[in-house]
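Trainee:
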Amino acid sequence: MTISTEVTRSNEVADRIEQLVVAKGQAPTGDRNTLLMAYWSLAFEFHRAILCLIHHKFYGAAFALVRPTIETTVRAHIAVMGSDDDVKKLRSDEYRTNLATVGKEIDAAFRLEGLFENFLNGARKALHSYTHAGMSQLGRRFKGNDLIPDYKEGEVTQVIHVSTSAVFMVNNLVTKHFRFEEEWKSNTELYATWGAQTWGPQK
């Protein structure tokens, strides 16, 4: 698929899964729930921003937004599973995400069988470099000796896939946490369909 096709598909499926929660109206309130819904909203905005930047070929900026997208996803899970002290730190802006350890903690709490830990272990250095103007970014500012951005199509596509997977995960968390069972099932089915078209049928 072309980058343009991937952007279109991702936008369309994000619209559909977001609407699953929007259609429910007001979510339950409380410290944890308010944080969760704020992270949910932010995750979708980051996702749309990444797709918009990619559409306009501002790849460096799009890549820089992947880390905050992932951190938003992580913090949404912390809002649900974290200690009262964690929640207090989130609300006072004192929480610090340790990407080296938090994946294992989330996997254990939600029985994700290493999903977060494996992703973060493989990606955290690159995420940091892209966001903080490291060599992952600088090395892609040249095409040969010319100062022309050079981001490979496969890399751009991967960013779209990671961002889309992140909003699916946050939406999955919200629908499950609030016991929106039909919406949770629909979210899971939409992810499976999108994933089959993206990566092929999973064995």
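All residue numbers for the sequence shown refer to my numbering, where the first residue is 2 and numbers rise by one. Glycine included, each C-beta is placed from N, C-alpha and C at the ideal position.
State the Cα-Cα distance for the pair K177 and Y60, rounded to the nearest angstrom.
Mentor: Taking the sequence shown and counting its residues from 1, one reaches residue 177 at position 176. Taking the sequence shown and counting its residues from 1, one reaches residue 60 at position 59. Taking the straight line from one Cα to the other gives about 33 Å.
Trainee: If you drop the 5 nearest sequence neighbours on each side, which residues of the same chain put their C-beta closer than 7 Å to that of L191?
Mentor: Along the sequence shown, read from residue 1 onward, the residue named residue 191 stands at position 190. These residues qualify, in order along the chain: V14, R17, I18.
Trainee: Tell me the rounded alpha-carbon separation between F107 and I79.
Mentor: As a first step, residue 107 is located in the sequence shown; it is residue number 106 there, counting from the start. As a first step, residue 79 is located in the sequence shown; it is residue number 78 there, counting from the start. Rather than Phe, the amino acid found at residue 107 in this sequence is Ile. Near 8 Å, if we compare the C-alpha coordinates of I79 and I107.
Trainee: Could you tell me if A109 is buried or exposed, where buried requires 16 or more neighbouring beta carbons within 10 angstroms of its beta carbon?
Mentor: Residue numbering aside, residue 109 sits at position 108 when the sequence shown is read from its first letter. Exposed, by the Cβ-count rule.
Trainee: Apart from the five residues just before and just after N172, which ones in its own chain have a Cβ nearer than 8 Å to its Cβ?
Mentor: Numbered from its first residue, the sequence shown carries residue 172 at position 171. Once the five neighbours on either side are set aside, the close Cβ partners of N172 are I18, E19, L21, V22, W41, N188.
Trainee: Go ahead and pull the three-state DSSP assignment for V14.
Mentor: Residue numbering aside, residue 14 sits at position 13 when the sequence shown is read from its first letter. V14: helix per DSSP, three-state reduction.
Trainee: Inspect the CB distances between the segment 34-51 and the segment 61-72 and report whether three or more fall short of 8 Å.
Mentor: yes
Trainee: Measure the beta-carbon distance from E118 to G104 and round it to whole angstroms, keeping in mind my assumption that it falls under 8 Å.
Mentor: Taking the first residue of the sequence shown as 1, we reach residue 118 at position 117. Taking the first residue of the sequence shown as 1, we reach residue 104 at position 103. Rounded, the Cβ-Cβ distance is 4 Å, consistent with contact.
Trainee: Answer yes or no: do I161 and S5 have a C-beta to C-beta separation smaller than 8 Å?
Mentor: As a first step, residue 161 is located in the sequence shown; it is residue number 160 there, counting from the start. As a first step, residue 5 is located in the sequence shown; it is residue number 4 there, counting from the start. No, Cβ-Cβ distance for I161 and S5 is not below 8 Å.
Trainee: Please classify K186: does DSSP put it in a helix, a strand, or coil?
Mentor: As a working note, residue 186 is residue 185 in the sequence shown. Here K186 sits in helix by DSSP.
Trainee: In chain order, what are the residue ranges of uninterrupted beta strand (DSSP E) at least 3 long that sit wholly in the segment 93-150?
Mentor: none
Trainee: I think A77 touches L66, with their Cβ atoms under 8 Å apart; what is that distance to the nearest whole Å?
Mentor: Numbered from 1 along the sequence shown, position 76 holds the residue referred to as residue 77. Numbered from 1 along the sequence shown, position 65 holds the residue referred to as residue 66. About 16 Å separates the two Cβ atoms, so there is no contact after all.
Trainee: What is the DSSP secondary structure of S84, reduced to helix, strand or coil?
Mentor: The sequence position of residue 84 within the sequence shown is 83, counting from 1. Note: S84 maps to coil in three-state DSSP.
Trainee: Just to check my reading of the structure: T98 and V75 have Cβ atoms closer than 8 Å, yes? What is that Cβ distance to the nearest angstrom?
Mentor: Residue numbering aside, residue 98 sits at position 97 when the sequence shown is read from its first letter. Residue numbering aside, residue 75 sits at position 74 when the sequence shown is read from its first letter. The distance from the Cβ of T98 to that of V75 is about 6 Å, consistent with a contact at the 8 Å cut-off.
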